[in-house]
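K.L.:
Position in the sequence shown (from 1) plus 9 gives the number in the numbering used here.
Quick one: structure below, then a few questions.
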Amino acid sequence: MPCLRWIGGAGRGQLFPIYKAVTSIGRGGGNDVSLDAAGVAEHHAQVVFDGRDFSLDEVDPVADIQINGKRKRRARLQHNDKLLIGGAQLVFSLLEEAEAPGGAHTPKVDGAQAELVGLRRLHQFSERLLVTRDVQTLLEHLLDGAIEATGAERGFVLLLRDDKPEIRAARNLRQETIPDAVKQLSDSIIARVIDSKRPIIVADAMNDQSFARSESVMHLRLSSVLCAPLIAGGELLGLIYLGNDRIANLFAPKALDLVTIFSAHAALVLQNALLLDSLRTDKSELEKRLKDQRFGEIIGSVPSMMEVFRKVQKVAPTDIVVLISGETGTGKELIAREIHQRSHRANGPFVVINCGAIPENLIESELFGHVKGAFTGAIATRIGRFQAAEKGTLFLDEVGELPLALQVKLLRALQERVVTKVGDSKGERVDIRVIAATNRELEEEIKKGNFREDLYYRLNVVNIYLPPLRERGDDILVIAKSLLQKFVGELNAQVKGFTPNALVALRKYDWPGNVRQLENRIRKALVLCDKTLLGPEDLDLSPEQLQPILPLDKAKEDFQRRYILEVLERNNGNRTKTARDLGVDPRTIFRYLEKEGGPPPGGAGHPQDD
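Next comes the structure, spelled out in structure tokens:
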């Protein structure tokens, strides 16, 4: 057993066992190691056992401490280290048994030996964590250590699940699993520990005034019980329950101290193990959900995304022109690539051109190519994106940004599958499939004169609408977790997942930038965050940024107003027809128009009748 032996001065030969997590050293009588020697401060130093190593730390900053002849403020202790504490010379031993003749300063070691066994068990438990990742195995190791340290006949580990205790391990002194464990526990003792979050020792349960009348105690005829909570970070994880039916008064107060220390350390280790287990489970569930919900590179499970996937499967094998619409950042290019990959042109090129990112004077050359000398800077003949996509797919992103003059040429190229380079008079036939995308309402652009109606109908043979992220429910969480896994590897980050509050915030936020914005937030958080779990603050999702929750009456009012105005617009401002379609009194329509403070859609400033 580790101890300190006083080797010089008046206390020569005296032994002090080191059996506590913190052993105090000083002149004062209240110290675990009391040294009545010159130069020893009232509270001089302390020996700290962290479950693995012993170390000597100063307590009094001006007190003199030497280890093997060198002044130290803090150092790890090794077997046979010679210590000078003030004027007292001591030797630290890991192996020597403290069995010196009893004296005024020689403490009893019976309880100390038991406590040291518990500390050693904690050390072994910590080491097992390094090689054992299975929570169930760790719980059994924990229980075996507690049983051996206290001499209990049997023990149980209960973990809280939905605030209710659930038996996760039940073992006896022979390290065998106990069947029918739930029948051997006292509900009243467990309830007391959960409510108080404090350990309880019941030396003789049948005669204990607090529990003698307990139905479970009387039924089980319990003799001795020790129950301690497992608390980490202020959170009650569960409890350790130890029992012995044969020997009354088995558990003395020393056993309670031991199990309290044991459970405090074990709870921290267990919390990490449970977190790892939760993350592994979360990863496994995520992989399963991704497998179920992934459509190529696209993730989705809501009905609107299922409709997108259905359309992609239908149109992919054909050469039909597809128009993909939706807000910016919703993944329109991913859908276009998926159509290409599922088509008979998959072995051909997939060529992308962003119609809104190229200056107007260069867009024609980019699309159709140019011949040498066609304009200033045209030093060589060059093919365009149409020719580059031969036998493959041309993706026209943000097609609504094309200038009107070029829309005419694009329409001709789509109709005839013939393109003419800038500066050339000879057309070239191309064999391509065209997919277009836009975040604009092209029908509105047609009304404004910004987009040709004939080109719109040529492009909009099949329309695939991508819903915004805010309308995709739990897809947000699956996408976020998938992106996190992807970027953790790219950025070599230590983050393991999201906190529960972060998951709630992800669902509540409006995401105006959709998936692209979500990607950027997660990338930034991984670079700047020093924690293992991302919180709302790491994703810049403060409460004021989240969409406010409206009272039900206000939400209904807003919906009714928007719906009435939408139907009124469809009816060209005809209030009487709108009222009839909606099954309401025309005065209801008048009231909503008055609240809007302007003429009705369609330009009518007065009621219109059929």
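Ideal Cβ positions, reconstructed from N, Cα and C, are used throughout, including at glycine.
Please read all numbers here as calculations on a predicted model, not as lab measurements.
#1: Please name the residue in 204, 244, 243 whose C-alpha comes closest to that of residue 236.
#2: Give me the DSSP bridge partner(s) of residue 412.
#3: If we ignore side chains and look at the alpha-carbon of each, how far apart do residue 581 and residue 461 end up?
#4: Under three-state DSSP, which class holds residue 344?
#5: Which residues bound the alpha helix (DSSP H) around residue 579?
#6: Enumerate in chain order the residues of its own chain whose CB-to-CB distance from residue 587 is below 6 Å, with the five nearest sequence positions on each side excluded.
#7: From what residue to what residue does the alpha helix (DSSP H) around residue 312 run?
#8: Is DSSP giving residue 502 helix, strand or coil here?
#9: Hey, residue 485 and residue 516 are a contact pair by Cβ (cut 8 Å); roughly how many whole angstroms apart?
#10: Where do the ends of the alpha helix (DSSP H) carrying residue 377 lie?
#11: In three-state DSSP terms, what is residue 46?
#12: Assuming residue 535 and residue 497 make a contact with CB atoms under 8 Å, what is their CB distance in whole Å?
#13: Identify, in the order they occur along the chain, each residue of the same chain with its Cβ nearer than 6 Å to the Cβ of residue 93, setting aside the five sequence neighbours on each side.
#14: For residue 538, I'd like the list of residues in its chain whose CB is within less than 7 Å of its CB, leaving aside the five on either flank, ordered along the chain.
#15: Roughly how many whole angstroms lie between the Cα atoms of residue 58 and residue 312?
#16: Using 8 Å as the threshold, is the C-beta distance between residue 406 and residue 370 below it?
#17: Compute the distance between the beta-carbons of residue 16 and residue 99, then report whether it is under 8 Å.
#18: Quick test of your reading: residue 395 and residue 431, contact by CB under 8 Å. State the CB separation rounded to the nearest angstrom.
#19: Counting pairs of beta carbons, one from the stretch 264–280 and one from the stretch 150–166, are three or more of them closer than 8 Å?
#20: Going by other Cβ atoms of all chains shown within 10 Å of its Cβ, with 16 needed for buried, is residue 55 buried or exposed?
#21: Keeping to the same chain, check which residues put their C-beta closer than 7 Å to that of residue 338; ignore five residues upstream and five downstream.
#22: Going by C-alpha to C-alpha distance, which of 573, 603, 602, 601 sits closest to residue 590?
#23: Using a Cβ-Cβ cut-off of 7 Å (strictly less than) and excluding sequence neighbours within five positions of residue 77, which residues of its own chain qualify?
#24: Give a yes or no on contact between the stretch 447–461 and the stretch 399–413, applying the rule of three or more CB pairs nearer than 8 Å.
#25: Determine the DSSP secondary structure at residue 153, reduced to helix, strand or coil.
#26: Are the CB atoms of residue 148 and residue 177 within a distance shorter than 8 Å?
#27: Is any heavy atom of the ligand NAP found at a distance shorter than 7 Å from the C-beta of residue 370?
#28: In the DSSP assignment, what are the bridge partners of residue 447?
#29: Compare the C-beta of residue 520 with all C-beta atoms of chain C and state if any pair is closer than 8 Å.
#30: Is it a yes or a no for the stretch 435–444 touching the stretch 313–322, going by three-plus beta-carbon pairs under 8 Å?
#31: Classify residue 35 as helix, strand or coil using the three-state DSSP reduction.
P.N.:
The relevant details are as follows:
#1: 204
#2: According to DSSP, which records beta bridges pairwise, residue 412 is partnered with nothing at all.
#3: 23 Å
#4: helix
#5: 561–579
#6: 576, 577, 580, 598
#7: 312–324
#8: coil
#9: 6 Å
#10: 369–377
#11: coil
#12: 7 Å
#13: 75
#14: 504, 547
#15: 59 Å
#16: no
#17: yes
#18: Not confirmed; about 12 Å, so no contact.
#19: yes
#20: buried
#21: 522, 523, 524, 525, 526
#22: 573
#23: 90, 91
#24: yes
#25: helix
#26: yes
#27: Looking at this structure, you won't find the ligand NAP or any other ligand, since it has none at all.
#28: 334
#29: Looking at the structure shown, chain C is missing, and only one protein chain is on hand.
#30: no
#31: strand
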